[in-house]
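Just below is one structure, and these are the notes that go with it.
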Amino acid sequence: MKAKHIDVREVLITYGIYLVLIVLVILFTILKPNAFLSAENIFNILRQVSVVGIAAAGMTCVIITGGIDLSVGSTIGLVGVIVALFISPEKGWGLGIPLGLLAGLITGLLLGVINGFIVNRLGLPAMIGTLGAMTSTRGVAYLITEGKPVFGFPKGFELIGQGYLWIIPVPVIIMAVAFIITYVFLSKCRIGRYIYGVGGNEEASWLSGVDVHKIKYFVYAFSGLCCAVAGIVLLSRTNSGTPKAGTSYEMDIITAVVLGGVSIKGGEGKITGVIAGVLIMGVLANGMIILGLSDYTQRVIQGIVLVAAVAFDVYAKKIKNKVTDVSSIA
2 MKAKHIDVRE VLITYGIYLV LIVLVILFTI LKPNAFLSAE NIFNILRQVS VVGIAAAGMT
62 CVIITGGIDL SVGSTIGLVG VIVALFISPE KGWGLGIPLG LLAGLITGLL LGVINGFIVN
122 RLGLPAMIGT LGAMTSTRGV AYLITEGKPV FGFPKGFELI GQGYLWIIPV PVIIMAVAFI
182 ITYVFLSKCR IGRYIYGVGG NEEASWLSGV DVHKIKYFVY AFSGLCCAVA GIVLLSRTNS
242 GTPKAGTSYE MDIITAVVLG GVSIKGGEGK ITGVIAGVLI MGVLANGMII LGLSDYTQRV
302 IQGIVLVAAV AFDVYAKKIK NKVTDVSSIA
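Residue numbers (our numbering): 2 to 331.
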């Protein structure tokens with residue numbers, strides 16, 4: 002019986018993201034064994050990446066359709082100040098936590114639908130449309146707060162971002178739920194097949210009877226909802242609603258998703274890879290802090306990671322196309 006040939010490049014493309022995560026953990030463990038690989042630090046990493054992870058769940062669906070949402074950081078910031086104004090009896094309207102949470106979720110959902118409208122009905126490229134939405138949304142956050150932070154929240158609100166369920170931080174549980182919901186959407190539901198289909202070949206999806214506009218509205222609305230949850234978690238963690246909250250988060254979120262193997266061109270990727278991508282971003286940031294690297298150095302390295310992730314995505318596409326061509330000829 003002839004032994005099956007193992008293509009090393011295929012293995013690296015399929016499992017490379019998990020290998021990178023393992024290598025980073027080993028590297029930082031060797032460099033700072035007592036500081037890095039402790040239960041307290043592990044949970045700290047998970048808590049730190051929770052906001053990015055929750056938003057990345059929504060961004061995954063958007064990028065799989067071949068789109069992108071640059072307004073995620075601004076949405077997180079605006080939702081934060083909206084919720085803060087609703088619930089703060091000192092600096093806001095003091096309308097209570099339930100109503101404030103509902104207002105925040107509706108705000109995120111509405112902003113996502115607006116992005117869907119910009120891409121679908123106005124026909125703007127996703128990058129340009131959501132870039133405009135990013136600027137406008139951030140401006141609204143500054144307008145309604147006059148650039149001032151909103152604080153003084155009712156007792157119990159801090160549990161969302163700072164509480165624990167047994168030894169597990171509540172934000173980590175919320176992130177896990179976001180990942181599970183996204184996994185179910187993409188792997189177990191019909192809409193998941195449509196999302197992949199739109200990203201793989203939009204014209205073919207139209208011809209097969211898929212309402213592409215509805216799918217795009219769905220993914221942008223879902224992204225907005227995830228950002229709303231992320232904004233609430235961030236607000237609860239920081240205990241202050243500031244209009245600049247979430248600034249530059251879009252870079253971290255997109256990097257985590259693309260790093261996780263979701264093709265920037267659409268049609269490919271799994272949420273399991275995105276989970277690994279989010280963890281890599283968290284481990285990398287935490288490790289650099291432990292090593293004493295400055296914030297500026299960290300940003301340079303994160304930018305390099307983003308470029309490397311996109312370059313690897315392009316390389317992986319070429320390899321897969323070559324394999325497909327060889328298989329079809331054979």
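Glycine included, each C-beta is placed from N, C-alpha and C at the ideal position. Note that this is a predicted model, so its numbers are computed, not measured.
Cβ-Cβ distance between residue i and residue j below 8 Å
i	j	result
threonine 138	serine 72	yes
isoleucine 320	arginine 10	yes
phenylalanine 118	isoleucine 291	no
glycine 130	glycine 232	no
arginine 48	valine 173	yes
tyrosine 263	isoleucine 107	According to the sequence provided, residue 263 is valine. The question's tyrosine does not apply to it. No, these two residues do not count as a Cβ contact at 8 Å.
cysteine 62	isoleucine 181	no
tryptophan 94	leucine 102	no
serine 188	glycine 198	no
proline 170	isoleucine 98	no
glycine 268	proline 150	no
isoleucine 148	threonine 66	The residue asked about is misnamed: residue 148 is glycine in this sequence, not isoleucine. No, Cβ-Cβ distance for glycine 148 and threonine 66 is not below 8 Å.
valine 120	alanine 104	no
valine 213	valine 50	no
Cβ neighbours of residue i in the same chain (closer than 8 Å, five flanking residues each side left out)
i	result
asparagine 45	Asn287
arginine 194	none
leucine 235	Val52, Ile77, Gly81, Gly162, Ala246 and Gly247
isoleucine 338	Beyond the ends of the chain as shown, which are 2 and 331, falls residue 338; an answer cannot be given.
glycine 270	Thr61, Ile64, Ile65, Val258, Gly261, Gly262, Val263 and Ser264
proline 90	Gly153 and Pro155
isoleucine 23	none
glutamate 203	Gly67 and Val213
methionine 289	Thr298, Gln299 and Ile302
valine 211	Tyr195, Gly198 and Val199
leucine 25	Ile281, Val284, Leu285 and Gly288
isoleucine 27	none
Close-in-space but distant-in-sequence residues of the same chain around residue i (CB under 6 Å, 5 per side omitted)
i	result
alanine 142	Gly78, Leu79, Val82 and Pro244
methionine 2	Note that methionine 2 scores a pLDDT of 47, beneath 50, so its modelled location is shaky; the value from the coordinates is reported in the next line. So the list is empty, once near-sequence residues are dropped.
methionine 252	none
phenylalanine 223	Gly59 and Cys62
glycine 274	Ile18, Gly261 and Gly262
valine 230	Ile55
alanine 36	Ile291
alanine 310	Val259 and Leu260
isoleucine 254	Val53, Ala56, Ala57, Met60 and Val73
lysine 33	Ile291
methionine 176	Ser51, Gly54 and Ile55
For residue j and residue i, believed in contact at Cβ under 8 Å, the rounded distance
i	j	result
glycine 68	lysine 217	7 Å
lysine 92	phenylalanine 152	6 Å
glycine 113	tyrosine 221	5 Å
serine 75	glycine 247	7 Å
isoleucine 115	alanine 127	With 8 Å as the limit, isoleucine 115 and alanine 127 do not qualify as a contact, their Cβ atoms being about 13 Å apart.
tyrosine 19	alanine 257	Actually they are not in contact, since the Cβ atoms of tyrosine 19 and alanine 257 sit about 14 Å apart, beyond 8 Å.
leucine 226	leucine 110	5 Å
Residue i CB to nearest heavy atom of the ligand NAD below 7 Å
i	result
aspartate 212	Only the bare structure without any ligand can be found here, which leaves the ligand NAD out of the picture.
Sequence-distant residues of the same chain with beta carbon closer than 7 Å to residue i, five excluded per side
i	result
isoleucine 14	Ala317 and Ile320
leucine 166	Ile174
glycine 1	In the structure as shown, the chain starts at 2 and stops at 331, and residue 1 therefore has no counterpart that could be examined.
valine 21	Ile281
valine 327	For valine 327, the pLDDT reaches just 49, beneath the cut-off of 50, and the residue's location in the model is therefore unreliable, although a value from the coordinates is still provided. Excluding sequence neighbours, valine 327 sits near nothing in its chain.
serine 329	Its pLDDT being 48, under 50, serine 329 is placed unreliably in this model, and the coordinates cannot settle the point.
serine 249	Gly74
Test: residue i CB closer than 8 Å to a CB of chain B
i	result
serine 264	No chain B is part of this structure, which consists of one protein chain only.
- prompt: Taking the runs of the beta strand (DSSP E) that are 3 residues or longer, which of them lie wholly in the stretch 52-140?
  reply: Segments of the beta strand (DSSP E) lying fully in the stretch 52-140: there are none.
- prompt: If we count Cβ pairs, one from each stretch, closer than 8 Å, do we get three or more for the stretch 48-57 versus the stretch 278-287?
  reply: Short answer: they touch.
Stretch-stretch touch, CB-based, cutoff 8 Å, three pairs: the stretch 29-42 with the stretch 301-308: Not touching, per the Cβ criterion.
- prompt: Which ranges does the alpha helix (DSSP H) cover as unbroken runs of at least 4 residues, wholly within the stretch 208-286, from first to last along the chain?
  reply: You should have 213-239 and 250-260.
- request: Ignoring anything shorter than 3 residues or poking outside the stretch 159-216, list the beta strand (DSSP E) runs there in chain order.
  value: Listed in chain order, there is nothing to give.
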